[in-house]
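S.K.: I have a structure I would like to understand better, so I am pasting it below and will then ask my questions one at a time.
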Amino acid sequence: MPISADKLIEKVRDHQPNADLELVRFAFDFAKEAHAGQKRKSGEPYIMHPLATAEILADMKMPVPIVIAGLLHDVPEDTDVTVEGIRETFGSDIASMVAGITKLGKIKYRGIERYVENLRKMFVAMASDIRVIIIKFADRIHNLRTLSALPPHKRKRIAMESLEIYAPIANRLGINEMRALLEDLAFTHAMPKESEWVSGLMEKAIKVKKSYVDRVKDSTGQEIKREGIEVLDIHGRVKNRYSLYRKLLKYERSMVQIHDLIALRIIVPKMSDCYAVLGIIHQKWKPLKGRIKDYIAQPKPNGYRSLHTTVFCEDGEIVEFQIRTQEMHDEAELGIAAHWQYDEDGKLAKPEVKKQMAWVKELAERQKFLHSGPNFEESLETLKIDLFQNRIFVFTPEGDVIDLPEDATPVDFAYAIHSQIGDTCVGARINDHIMSLDTKLYSGDCCEIIVDKNRKGPNSDWLSFVKTSTARHHVRQHAKSKLTRWIRNIKNEGGNN
Ligand code: MN
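Just so we're aligned: the sequence shown equals residues 5 to 501 in the working numbering.
What follows is the structure in structure tokens.
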């Protein structure tokens, strides 16, 4: 059967009936022509790969220019057609996205030095146009799907990199759909035994729980409608395999304490409906203490909004509910990418997007410390720490939210506000109590930093408890310069003798 763009066109039309479908078809023919005669490692025609990449983007409801850039993403790297050629044919917006991906290059593993350099490039490209990273994610998802064609050592390396770098970035940008795909596809190759074990557990547990959840779904849906609230959708969502795995590790590899394998998701028209539904559920069933989470009033740092509650449901079974509007749902699945659905020209003026971009820019900025010097392994670990950690929010007395990694301390908080404040902090007032600088902060804490302007600089003992690379960097810098000064002084004294 000849390879055609029909399925891709269908997918684009589904979400965007008014899109320029002819241009999509033209781009497909263009890419097919350019890649003519090339084959993938699996033996299939090369065009299969960019086509699949574009289909993933279309499934995510991405606008046509991004889908087209997906079709063309390997053209300059692998064929005679240049970025300039793409610019002449498709215009400068699409060409600049393709150029961004080409600049990232194919990540070839040539030791840790090259690898860190590649990552740095990725952050820089991401900071200049975030659409580039979304195309890169789609590219990676298809490469993971066809990973079996590669030799085992390459398979493992690509899988590990997807788990440790790509998925955490997708998570931080709130692109849940891609995060889950990257994780689950990579998990299979990175840890085959563990992956099989989780699949087995999951299958068994779902079999047991499925009909029960269906029953609760029906009765809850009816109850909400009886109270006069429209239900746009109610469905069971199954936790993705790799998230379940991480949770199992936390609970001694036992399913007993995991209550959200299947959660019930309720989608309602308005924000006020979310709270009304929460009330209805709590009237019907008793909530578990400490498990009611209002991510609408306090969204997660990646922008996630929803109400969560876990209740003792029918027959005493424990069930988690997630309540949200359609807009919150789209944002939860697509994160920063959700905003292009309504924003064809990709200008991204929304404040949420600006906040995310600020994070990406900061990350790129931080990589300046990362690329050179002999300590690549250390740099890579620092980067992983920044990406991986769960985040908490801590408030300033003015009510600004500072986003920090879990277990961060007032020193991290101080440096996150300004290096000057970090350098001169001497104490902290957390929720109106004076606390030491190594106290662990928690989400929702209000923290005020006490500074002493006469303080000479940070204390190198802080290195034993700070959690952010920003704080670590500043404390280290200072410790270093203090040491250099000291050595210089000794030298000078020596010279005077
Ligand atoms: Mn590719």
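Glycine is no exception: its CB is placed at the ideal position from the N, C-alpha and C atoms.
Being a predicted model, the structure only gives us computed values, none of them experimental.
Could you name the residues of the same chain whose beta carbon sits closer than 6 Å to that of K297, not counting the 5 residues immediately before and after it, in chain order?
M.R.: One-based indexing of the sequence shown puts residue 297 at position 293. Same-chain partners within the cutoff: H312.
S.K.: Nearest by alpha-carbon distance to N306: which of A475, T474, I406 and C317 is it?
M.R.: Position 302 of the sequence shown, counted from the first residue, corresponds to residue 306. For N306, the nearest C-alpha among the options comes from I406.
S.K.: Determine the direct distance from the alpha carbon of K140 to that of H126, and round the result to whole angstroms.
M.R.: As a first step, residue 126 must be located in the sequence shown, where it is residue number 122. As a first step, residue 140 must be located in the sequence shown, where it is residue number 136. Here residue 126 is Met; the residue named in the question, His, does not match the sequence. M126 and K140: Cα-Cα distance of roughly 9 Å.
S.K.: Quick check on DSSP: helix, strand or coil for E207?
M.R.: Stepping through the sequence shown from its first residue, residue 207 is reached at position 203. Correct three-state label for E207: helix.
S.K.: Can you tell me the Cα-Cα spacing of K471 and Q481, whole angstroms?
M.R.: Position 467 of the sequence shown, counting from 1, holds the residue named residue 471. Position 477 of the sequence shown, counting from 1, holds the residue named residue 481. Each residue's Cα considered, the two are about 16 Å apart.
S.K.: How do the region 135-153 and the region 25-43 stand: do at least 3 beta-carbon pairs fall below 8 Å, yes or no?
M.R.: Too few Cβ pairs lie closer than 8 Å, so no.
S.K.: Mind checking whether I90 and A99 have CB atoms under 7 Å apart?
M.R.: To locate residue 90, count along the sequence shown from 1; it is residue 86. To locate residue 99, count along the sequence shown from 1; it is residue 95. It is a contact, given that the beta carbons lie within the stated cut-off.
S.K.: Counting C-beta neighbours from all protein chains within 10 Å, is the total for D349 16 or more, i.e. buried, or is it exposed?
M.R.: The residue you call residue 349 lines up with position 345 of the sequence shown. Bear in mind that a pLDDT of 48 at D349, under 50, signals an unreliable position, so the model cannot answer this.
S.K.: Would the C-beta of A143 count as close to the ligand MN, meaning under 6 Å from any of its heavy atoms?
M.R.: Translated into positions along the sequence shown, residue 143 becomes position 139. Looking at the sequence itself, residue 143 is Asp, so the reference to Ala does not match. Checking the Cβ of D143 against the ligand MN gives yes.
S.K.: For the alpha helix (DSSP H) that M101 lies in, which residues bound it at each end?
M.R.: The residue you call residue 101 lines up with position 97 of the sequence shown. First-last of the alpha helix (DSSP H) with M101: S96 to L108.
S.K.: On the three-state DSSP scale, how would you describe G431?
M.R.: Along the sequence shown, one-based indexing puts residue 431 at 427. Three-state DSSP puts G431 in a strand.
S.K.: Examine the Cβ distances between the region 254-267 and the region 223-237 and report whether three or more of them are shorter than 8 Å.
M.R.: Judged by Cβ distances under 8 Å, the region 254-267 makes no contact with the region 223-237, as fewer than three pairs qualify.
S.K.: Determine the closest residue to P401 out of V242, L108 and I421, with distance taken between C-alpha atoms.
M.R.: Position 397 of the sequence shown, counting from 1, holds the residue named residue 401. Measuring from the Cα of P401, the nearest candidate turns out to be I421.
S.K.: Report yes if the C-beta distance between D411 and K444 is below 7 Å; otherwise report no.
M.R.: One-based indexing of the sequence shown puts residue 411 at position 407. One-based indexing of the sequence shown puts residue 444 at position 440. Against a cut-off of 7 Å, the Cβ pair of K444 and D411 comes out as a contact.
S.K.: Would D465 count as contacting chain B if we go by Cβ distances under 7 Å?
M.R.: No chain B is present in this structure, which holds just one protein chain.
S.K.: Please indicate yes or no: does the CB of D277 lie closer than 6 Å to some heavy atom of the ligand MN?
M.R.: Here residue 277 is taken as the residue at index 273 of the sequence shown, counted from 1. It does not: the Cβ of D277 is nowhere closer than 6 Å to a heavy atom of the ligand MN.
S.K.: Note down, in chain order, each residue of its chain lying with its Cβ closer than 8 Å to the Cβ of S96, except the 5 sequence neighbours on either side.
M.R.: The sequence position of residue 96 within the sequence shown is 92, counting from 1. So no residue of the chain qualifies.
S.K.: If you count every other CB in all the chains shown that lies within 10 Å of the CB of D449, and 16 or more means buried, which is it?
M.R.: If you number the sequence shown from 1, residue 449 lands on position 445. Result: buried.
S.K.: Is there at least one non-hydrogen atom of the ligand MN closer than 6 Å to the beta-carbon of D319?
M.R.: Start at 1 with the first residue of the sequence shown, and residue 319 comes out as number 315. Not so, every heavy atom of the ligand MN lies at least 6 Å from the Cβ.
S.K.: Determine, using beta carbons only, whether H177 and G339 come nearer to each other than 7 Å.
M.R.: For the purposes of this step, residue 177 is taken as residue 173 along the sequence shown, with counting starting at 1. For the purposes of this step, residue 339 is taken as residue 335 along the sequence shown, with counting starting at 1. In the sequence as displayed, the identity of residue 177 is Leu instead of His. In this structure, G339 lies closer than 7 Å to L177 by Cβ.
S.K.: Of all the options E48, S473, L186 and D465, which has the alpha carbon lying nearest to the alpha carbon of A483?
M.R.: Here the question's residue 483 lines up with position 479 in the sequence shown. Among E48, S473, L186 and D465, the Cα nearest to that of A483 belongs to D465.
S.K.: Cβ of F397 within 7 Å of Cβ of S447?
M.R.: Locating residue 397 in the sequence shown gives position 393, where the first residue counts as 1. Locating residue 447 in the sequence shown gives position 443, where the first residue counts as 1. Contact flag set, yes.
S.K.: What's the gap between the Cα of L408 and the Cα of V220?
M.R.: Along the sequence shown, one-based indexing puts residue 408 at 404. Along the sequence shown, one-based indexing puts residue 220 at 216. L408 and V220: Cα-Cα distance of roughly 37 Å.
S.K.: Hey, which unbroken runs of the alpha helix (DSSP H) at 4 residues or more fall wholly within the region 301-351?
M.R.: With a minimum length of 4 residues, the continuous alpha helix (DSSP H) runs that stay inside the region 301-351 are 330-338.
S.K.: Is the beta carbon of D78 within less than 6 Å of some heavy atom of the ligand MN?
M.R.: As a position in the sequence shown, residue 78 is number 74, starting the count at 1. It does: the Cβ of D78 is within 6 Å (strictly closer) of some heavy atom of the ligand MN.
S.K.: Hey, could you find the ends of the beta strand (DSSP E) E452 is sitting in?
M.R.: Looking up residue 452 in the sequence shown gives position 448. From DSSP, the beta strand (DSSP E) with E452 extends over C451 to V455.
S.K.: Please return the same chain residues whose Cβ sits closer than 7 Å to the Cβ of D222, not counting the five positions on each side in sequence.
M.R.: Residue mapping note: residue 222 aligns to position 218 of the sequence shown, counting from 1. Here the set comprises nothing.
S.K.: What do you get for G135, buried or exposed, if any count of 16 or more other CB atoms within 10 angstroms of its CB means buried?
M.R.: Here residue 135 refers to the residue found at position 131 of the sequence shown. It is Arg, not Gly, that sits at residue 135 in the sequence shown. Buried, by the Cβ-count rule.
S.K.: Quick check: Y249 and D188, are their CB atoms within less than 7 Å of each other?
M.R.: For the purposes of this step, residue 249 is identified with residue 245 of the sequence shown, where counting begins at 1. For the purposes of this step, residue 188 is identified with residue 184 of the sequence shown, where counting begins at 1. No.
S.K.: Excluding the 5 residues flanking E231 on each side, which residues of the same chain have their C-beta closer than 8 Å to its C-beta?
M.R.: As a working note, residue 231 is residue 227 in the sequence shown. Same-chain partners within the cutoff: A280 and I284.
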